[in-house]
Amino acid sequence: MAINLGHNELMRIFNTATNNIEDFRPGPIVSIYTCGITPYDATHIGHAATYVTYDVCKDA
């Protein structure tokens with residue numbers, strides 16, 4: 045999903061590659077990728093957590 049931010053707000057994210065919290069200063073377009081769930085049993089509210097997390101980041 046590509047998100048057109050149109051502004052330069054600061055977001056701090058945890059970089060798993062460096063194991064540090066870093067400032068994220070996006071350009072005008074930011075892409076977010078998330079894998080879908082792998083359902084192996086009944087659907088539950090926890091399956092929505094993945095998508096809610098990315099939606100919150102998008103709206104931050």
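Residues 45 to 104 in this note's numbering are what the sequence shown spells out, letter by letter.
Built from N, CA and C at the ideal position, the CB exists for glycine as well.
Here the structure is a predicted model, which is why all the values come from computation and not from measurement.
Check, Outcome
"Among all the DSSP beta bridges, which residues are the ones paired with Y56?", "Checking the sequence, you will find Arg at residue 56 rather than Tyr. DSSP, once it has assigned bridges, lists D67 as partnering R56."
"Ignore the nearest five residues each way along the sequence and tell me which others in H91's own chain have a CB closer than 8 Å to its CB.", "I81, P83"
"Nearest to D103 by alpha carbon, out of T62, H88, I76?", "I76"
"Report the residue from M55, T94, Y95 whose alpha carbon sits nearest the alpha carbon of D67.", "M55"
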